[in-house]
Every structure is written in C-alpha cells, then in structure tokens.
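> My questions all concern the structure below.
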Amino acid sequence: MIALLMRDLRLATRAGGGFGLGLAFFLIVCTLVPFGVGPQGGTLALIAPGILWVGALLACLLSLDRIFALDWEDGSLDLLATAPLPLEGAVLVKAAAHWITTGLPLVAAAPVFGILLHLPGAAQPWLVAALALGTPALSMLGAFGAALTVGLRRGGLLMSLLVLPLYVPTLIFGAEAVRRGAAGGDGTTPLVLLAGITMAVLAAIPFAAAGALRVNLR
Amino acid sequence: MSIWEYANPVKFMRVSGAALPWIAAAAAICLPAGLVWGWMTPEDYKQGSTVKIMFLHVPAAMMAINIWVMMLAASLIWLIRRHHVSALAARAAAPIGAVMTLVALVTGAVWGQPMWGTWWEWDPRLTSFLILFLFYLGYMALWGAIENPDSAADLTGVLCLVGSVFALLSRYAVNFWNQGLHQGASLSIAPGERMSAVYKYPLYLCMLGFFLLFLTLLLVRTRTEIRRRRTAALLAREVRA
Amino acid sequence: MMIELGRYAVPVLTAWGISAVLIVGLIVQTLAASARARRALEEVERRG
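Residue numbers (UniProt numbering), protein chains in the order written: chain Z, 1 to 218; chain W, 1 to 241; chain C, 1 to 48.
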C-alpha cells in the first residue's frame with residue numbers, strides 16, 4: 001500500500017502530472033469573484049466561506065478523472081485488480097494520493113485566500129479545520145465517481161453531474177462551520193457532523209468504488 | 001409459485017401484456033376523475049383557488065420520492081439476484097420519476113409566487129427536491145453513457161444505492177442549513193384532522209390516479225426496454241451468423 | 001362548467017397547464033418509444 005501511495009505521489013508531482021493546477025485554479029476562482037461581485041469588503045466577507053468552499057470543491061473536481069484514467073489506459077489497473085492487495089485498499093490509497101496532491105495544498109493555502117476575500121480572522125481556524133475534515137470526503141467520493149465513469153471516453157462532464165450532488169452534505173456542513181466562525185460563534189456542531197460524514201464516506205465508499213471498478217474491468 | 005417467476009422476461013411480457021389494458025383503463029378513470037373532483041372543490045379561506053394546485057403538487061411529490069425508492073429496490077434485486085427485468089424496470093422508472101419531480105417543483109414554484117411572494121426559496125423541502133432531480137438526471141445520464149447493458153445496469157445500481165444514502169443525508173443536512181417556509185406534511189396518519197374532507201378525498205383519488213399512471217407507464221416502458229434488448233440480441237446473432 | 005378562479009386564476013392555470021404539458025409529453029414519448037421498439041423487433045423477427 002505504501003509503495004502504491006509513493007508511486008502515485010511521484011507520478012502526480014512529476015512534470016505534467018498536474019500537481020499544483022488545482023491550487024492555481026482555486027486562486028483564479030478567488031481572484032475572479034471580487035470582479036463579479038464588486039470590491040466591497042463587507043460583501044466579500046459575507047460570501048467568503050461559500051466562495052472558498054465552492055472553489056475547493058471545483059478545484060477537487062478538476063483533477064478527479066486522473067485518479068483512475070491513466071492507470072486504466074496503460075493497463076496497470078488490471079494489475080492492481082489481480083494484486084494481493086484488495087481493490088478496496090487500492091481505491092483508498094488512490095483517493096489518499098489524490099487528497100495529498102490536491103486537498104492538502106488547498107487546506108494549507110486556504111488562509112491566504114481567506115485574506116484575499118476579507119474573511120474575518122476569527123473564521124480562519126474554522127476554515128482550515130473544516131477544509132481539513134471535509135476534503136478527504138471530497139476525494140473519496142470523487143474516486144467513486146471516477147470509478148463509475150472510468151471506461152467512458154468522455155466521462156468528465158458526466159462525472160461532474162454524478163459527483164456534485166454527492167458533495168452537498170459536505171458543502172453544507174463545511175460552509176456552515178466557517179460561516180458560524182465568521183459570525184464570531186461556535187462552529188463545533190457542523191464540524192462534528194462534517195467529520196461524521198467524512199468518516200462514514202471513508203468507511204463505506206471504497207467498497208462501492210471497488211465494486212464499480214470490478215464491473216468496468218470485467 | 002413464487003414472485004421470482006415474473007423475473008423471466010417471457011413470463012413478464014405475457015402477464016404484463018394481459019394486465020396492462022386493465023391498469024391503463026383504471027388509470028384513465030381514476031386520474032381524470034380525481035383531477036376534475038379536485039378542480040370542483042371550493043376555495044380555501046386562506047389560499048383561495050390556488051388550493052387546486054395541491055391536487056397535482058402533492059401526488060407528484062409523493063410519486064417522485066416513491067419512484068426513487070422503487071428504483072432502489074429494483075437495483076438491489078438486480079445486484080443480488082441478477083434478474084434482468086428488474087434492472088430494466090429501474091431504468092424505465094427513472095424518466096417518470098424525473099418528470100414527477102419536475103412537476104412537483106414547477107407547481108410548487110407557481111403556487112409559491114402568490115402565497116409566499118417568491119417563485120423560489122432555499123427552503124429544505126424545495127432544496128432537497130432539486131437535489132433529487134439532479135440525482136435523477138445523473139442516473140439517467142449514466143444509463144445513457146455506457147454501452148454494455150450489463151455493466152450499465154451494475155454501475156447505475158451502485159449509483160442508485162450510494163445516491164439514496166446521500167439523498168437522505170442531504171435531506172437532513174439541508175434542514176440544518178436553513179429553516180423551512182414549507183408547511184409540514186399535508187396528510188398524516190396521526191389523529192387530529194389537518195385537512196378538511198372536502199379536499200382530502202379528491203386528493204386521495206388523485207394520488208391513486210398518479211400511482212396507476214406510473215404503473216401503466218412503468219409497464220409500457222419496461223416492455224419497451226425488453227423489446228429493445230431482444231432486438232439488439234437478434235441483430236447481434238444475425239451479425240455473427 | 002365554469003369554475004370561478006378569482007384573483008389567482010393565472011397561477012392555477014399556469015400550474016395545471018405546465019403539469020399537463022409535462023405529463024402528456026411523458027405519455028406521448030413513452031407510447032412513441034414503445035411503438036418504435038415493437039416495430040423494430042417485429043421487423044428483425046420477420047427477417048430472422
């Protein structure tokens with residue numbers, strides 16, 4: 001499992017692997033929004049939690065089709081399916097690699113983007129905590145969507161349609177925690193619910209994703 | 001004699017073909033009767049004549065949810081027992097469910113405009129229906145995208161399972177996110193009258209009518225899917241020969 | 001049979017109209033697809 005994780009990480013960080021693109025996309029979203037809604041700090045601070053979360057979601061979505069597509073094309077997915085490591089474990093590792101290359105940089109960079117959008121200082125810890133707890137679920141659900149559509153030539157758009165509704169609960173609780181933090185309140189309740197969803201997703205979705213992969217490899 | 005015998009496509013075609021005219025006739029009687037009865041009801045003291053929209057809105061919303069549950073059951077039967085008719089029935093039901101969801105959303109919006117003063121409100125019930133509609137769209141898109149029929153049935157089945165969990169989760173998450181404007185359940189089994197009999201009985205008849213309409217359409221569409229599958233199989237045999 | 005709709009005539013008629021269009025559209029599409037599948041199958045079976 002460790003070897004697979006290291007291999008995926010090396011592939012992603014290599015030139016052309018797309019590492020950092022998600023982060024750049026996130027930056028562009030955060031730059032474009034003020035042009036759209038006007039530069040007033042008050043308005044921006046009000047919508048900042050939502051923008052940051054939706055931006056993180058879209059940045060995550062962009063790189064999803066890479067999770068299985070390359071391995072599918074060169075046949076290493078077949079090898080993984082017949083390897084002694086259960087396919088569920090391989091799916092989990094793939095999602096983890098995706099999270100480390102897209103989710104983790106987003107979590108680390110989010111406070112900077114928060115400053116860009118006038119997010120109140122009190123909300124910053126909530127933002128980091130919510131993203132850190134929520135983005136693993138985004139990667140895992142994305143792996144499920146990628147597993148469903150891996151055999152299709154133009155699966156990208158379809159995958160967005162399948163995956164985005166699954167992101168709704170995570171988005172609701174994540175943004176709510178940041179919003180409560182920004183209002184100077186306590187965001188623990190949505191944060192705990194968010195963590196619960198992530199745990200459940202990490203526990204259950206690998207089986208669904210591995211099942212979908214087996215169908216596609218049949 | 002067990003219910004699983006109807007999973008045989010030949011038997012299903014024979015039985016459903018025999019039952020279809022009766023079910024269709026029942027739908028053709030119940031639905032117009034219920035709607036006309038609903039149309040004749042007096043005005044509500046608060047809602048005025050907009051109460052007539054309820055006879056479309058409530059049955060459509062009920063069917064939208066129940067059709068998804070039916071698809072979930074059919075998907076489970078396919079995944080566990082591999083009966084093709086079951087997978088095809090799930091596929092046949094999805095567009096009906098999507099139209100029902102759309103009817104519920106549109107009638108709700110048109111009713112909300114004079115009553116709440118807004119076409120759309122990010123209210124939990126409205127929002128969860130919009131999400132349900134998105135799930136229907138994704139489910140149908142996945143069916144349409146995959147060429148191998150068995151893989152398509154498997155993958156959409158898995159999607160239906162995961163989607164059901166998340167549709168339910170979203171339903172409660174949205175509750176947390178925004179307080180509702182929508183009134184509570186229109187009908188309840190609990191004692192204490194919530195709706196006067198003047199509206200209740202036509203509404204029951206409309207619900208029955210919508211259900212029968214769904215059953216008719218479901219059978220017709222499932223038969224269509226079976227015929228398509230058989231045509232494709234025969235053509236494939238011709239190509240091989 | 002003319003029912004007085006009062007001042008809410010427009011929303012009521014709109015809601016019923018849109019719903020009728022959607023449901024009738026679904027029925028028509030279902031029947032058309034059914035007829036098409038039946039014809040295609042008959043043709044293939046006659047040939048085979």
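Glycine residues also receive a C-beta, built at the ideal position from the N, C-alpha and C atoms. Source: prediction; values computed, not measured.
(1) Can you tell me where the alpha helix (DSSP H) with Y8(W) in it begins and where it stops?
(2) Counting C-beta neighbours from all protein chains within 10 Å, is the total for K94(Z) 16 or more, i.e. buried, or is it exposed?
(3) So A146(Z) and D71(Z) are in contact, right, with Cβ under 8 angstroms, and what is the actual spacing, rounded?
(4) Between which two residues does the alpha helix (DSSP H) harbouring W78(W) extend?
(5) Are the stretch 49–59 of chain W and the stretch 100–116 of chain W in contact at 8 angstroms, needing three or more beta carbon pairs?
(6) D154(W) and W37(W) - do their beta-carbons sit closer together than 9 angstroms?
(7) Taking the beta carbon of R221(W) as the centre, do at least 16 other beta carbons fall within 10 Å, making it buried, or is it exposed?
(8) Starting from R227(W), find everything on chain C with Cβ-Cβ shorter than 7 angstroms and list it in chain order.
(9) Below 8 angstroms on the Cβ atoms is my guess for V163(Z) versus A130(Z); work out the distance and round it to an integer in Å.
(10) Under DSSP, the alpha helix (DSSP H) around P165(Z) begins and ends at which residues?
(11) Assign S196(W) to buried or exposed, taking buried as 16 or more other Cβ atoms, counted over all protein chains shown, within 10 Å of its Cβ.
(12) Please return the same chain residues whose Cβ sits closer than 8 angstroms to the Cβ of A167(W), not counting the five positions on each side in sequence.
(13) Any contact of the stretch 20–36 of chain W with the stretch 207–215 of chain W, i.e. 3+ C-beta pairs under 8 angstroms?
(14) Starting from the beta carbon of S170(W), find every residue of chain Z whose beta carbon is closer than 7 angstroms, and list them in chain order.
(15) Excluding the five sequence neighbours on either side, which residues of its own chain have a C-beta within less than 7 angstroms of the C-beta of R171(W), listed in chain order?
(16) Give me the subset of the stretch 108–138 of chain W whose CB atoms are less than 8 angstroms from a CB atom of chain Z, sorted by chain position.
(17) Taking contact to mean 3 or more Cβ pairs, one atom from each stretch, closer than 8 angstroms, check whether the stretch 115–134 of chain Z and the stretch 163–177 of chain Z are in contact.
(18) Give a yes or no on whether the C-beta atoms belonging to G22(Z) and S76(Z) are separated by under 9 angstroms.
(19) So, is the C-beta of R218(Z) closer than 9 angstroms to a C-beta in chain W?
(20) List, in order along the chain, the chain Z residues whose C-beta lies closer than 7 angstroms to that of W177(W)?
(21) When DSSP labels each residue in this structure, what does M199(Z) get in the three-state scheme?
(22) Establish whether the CB of F144(Z) and some CB of chain W are separated by less than 9 angstroms.
(23) Rounded C-beta distance between T156(W) and Y139(W)? I'm assuming under 8 angstroms.
(24) In its own chain, which residues sit with a C-beta less than 7 angstroms from the C-beta of A110(Z), not counting the 5 before and 5 after it?
(25) Apart from the five residues just before and just after A69(Z), which ones in its own chain have a Cβ nearer than 7 angstroms to its Cβ?
(26) Looking at chain W, is there any beta carbon in it that lies within less than 9 angstroms of the beta carbon of G149(Z)?
(27) Do L234(W) and V21(C) have their CB atoms nearer than 9 angstroms?
(28) Near L217(W), what residues of its chain come up, given a Cβ to Cβ distance below 6 angstroms and the 5 sequence neighbours on each side ignored?
(29) Give me the chain Z residues within the contact set of F214(W), using Cβ-Cβ distance strictly less than 7 angstroms, ordered along the chain.
(30) Just to confirm, is the Cβ distance from A183(Z) to L117(Z) under 9 angstroms?
(31) Beta carbon of F173(Z), beta carbon of L193(Z): below 9 angstroms?
(32) Under 9 angstroms, Cβ to Cβ, is there at least one residue of chain Z near residue 283(W)?
(33) Is the CB of S16(W) under 9 angstroms away from at least one CB in chain C?
(34) Mapping DSSP to helix, strand and coil, what is R44(W)?
(35) So what's I189(W) in DSSP terms, helix, strand or just coil?
(36) Does any residue of chain W bring its CB to less than 9 angstroms from the CB of I205(Z)?
In short, the structure shows the following:
(1) A small fix is needed here, since residue 8(W) is Asn in this sequence, not Tyr. Careful: N8(W) lies outside any alpha helix (DSSP H) and carries neither H nor E.
(2) buried
(3) In fact, because the Cβ distance is near 10 angstroms, the residues do not count as touching under 8 angstroms.
(4) M54 to R81
(5) yes
(6) no
(7) buried
(8) A37, R38 and L41
(9) 19 angstroms between Cβ atoms; not a contact.
(10) G156 to L166
(11) exposed
(12) W68, S128, I131, L132 and F135
(13) yes
(14) V168 and P169
(15) S128
(16) I131, L134, F135, L137 and G138
(17) yes
(18) no
(19) yes
(20) I172 and E176
(21) helix
(22) yes
(23) 6 angstroms
(24) L52, L127, V128 and L131
(25) V150
(26) The sequence as given places Thr at residue 149(Z); Gly does not occur at that position. True, the Cβ-Cβ gap to chain W drops below 9 angstroms.
(27) no
(28) I96
(29) Going along chain Z, no residue has its Cβ under 7 angstroms from F214(W), so there is no contact; the nearest lies around 23 angstroms.
(30) no
(31) yes
(32) With chain W represented from 1 up to 241, any question about residue 283(W) goes unanswered, as that position is not in the structure.
(33) no
(34) Reading off the sequence, residue 44(W) comes out as Asp, not Arg. In this structure, D44(W) counts as strand in the three-state DSSP scheme.
(35) Unreliable positioning characterises I189(W) in this predicted model, as indicated by a pLDDT of 45, which lies under 50. A coordinate reading is not provided.
(36) yes
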